[in-house]
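J.:
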Amino acid sequence: MFTEYDNNNIFAKILRAELPCIKVYEDEYTLAFMDIMPQMAGHTLVIPKESAVTIYDLSDEAAMACMRTVKLIGSAVEKAVGFGGSTVFQHNGVKAGQTVPHFHFHVLPGSILDASSIKGHALELANPEELKMMAAKIISCIEDRQP
Ligand code: AMP
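Heads up: take any position in the sequence shown, counting from 1, add 2, and you land on the numbering used here.
1) By how many angstroms is the C-alpha of residue 11 removed from the C-alpha of residue 61?
2) Where does residue 52 sit, in a helix, a strand or coil, going by DSSP?
3) Could you tell me the alpha carbon to alpha carbon distance between residue 36 and residue 95, rounded to whole angstroms?
4) At a threshold of 7 Å, does residue 84 count as lining ligand 1 (C-beta to nearest heavy atom)?
5) For residue 31 and residue 104, what's the separation of their Cα atoms in angstroms?
6) Thinking residue 122 and residue 79 are a contact (beta carbons under 8 Å), I'd like their distance in whole angstroms, please.
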C-alpha cells in the first residue's frame, strides 16, 4: 500500500527546520519531540525522517529505526514521569483519526483506557515552558545507547 505524501505537512516542516519543535532526541533516521497538545504530561512523538504517511508506507529500515527510538524514548518518558507504565500507539489514515500525514508513534506515560487521566486527542495546546521542562526531564532519563 502506498499513500501519497504531502511535503507540506507539519512534521515535514519540522524535519526541514521550517517549524520549531521541542526536541528530546534525534539520530540519523528518527526525531522525537514533545506533542504540543499532549493527552497527558510527557506525551512524546517519534517520527522517521523518511517520508511516509502510514505504517504500511514505511520501509522496514525506517520502521526498525522508529521502534529503536520508541524503546529508548518510551523508557525515558516512563522514568521522567514516574508512572511505571506507558502506552505506544499510532494512527493510519484520516479514517483512523490520523491528523498529521507523516508517520508517527505516540508515546504516553499512562493508560489511554483511563478516562480520568487522558485528555482529548490534539485538543488543547500546552504551556511551552512546561513542555520544555518535561523535555529536559526526559532527556536526562535517556539511557546511553552504547553497548
Ligand atoms: P495524529 O492525530 O495521530 O496524526 O497525531 C498528531 C499529533 O501531533 C497530535 O497528538 C497533535 O497534538 C500533534 N501535533 C500537531 N501539531 C504539532 C506540532 N507542531 N508539534 C508537535 N505536535 C504536534
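All residues carry an ideal CB built from backbone N, CA and C; glycine is no exception.
T.: This is what the structure holds:
1) Residue numbering aside, residue 61 sits at position 59 when the sequence shown is read from its first letter. Residue numbering aside, residue 11 sits at position 9 when the sequence shown is read from its first letter. Rounded to the nearest whole angstrom, the CA to CA distance from residue 61 to residue 11 is 19 Å.
2) Counting from 1 along the sequence shown, the entry for residue 52 is found at position 50. Three-state DSSP puts residue 52 in coil, outside helix and strand.
3) To locate residue 36, count along the sequence shown from 1; it is residue 34. To locate residue 95, count along the sequence shown from 1; it is residue 93. About 21 Å.
4) Taking the first residue of the sequence shown as position 1, residue 84 is located at position 82. Checking the Cβ of residue 84 against ligand 1 gives no.
5) Taking the sequence shown and counting its residues from 1, the one referred to as residue 31 is at position 29. Taking the sequence shown and counting its residues from 1, the one referred to as residue 104 is at position 102. Between residue 31 and residue 104, the alpha-carbon positions lie close to 14 Å from each other.
6) Translated into the one-based positions of the sequence shown, residue 122 becomes position 120. Translated into the one-based positions of the sequence shown, residue 79 becomes position 77. That pair is no contact at about 20 Å.
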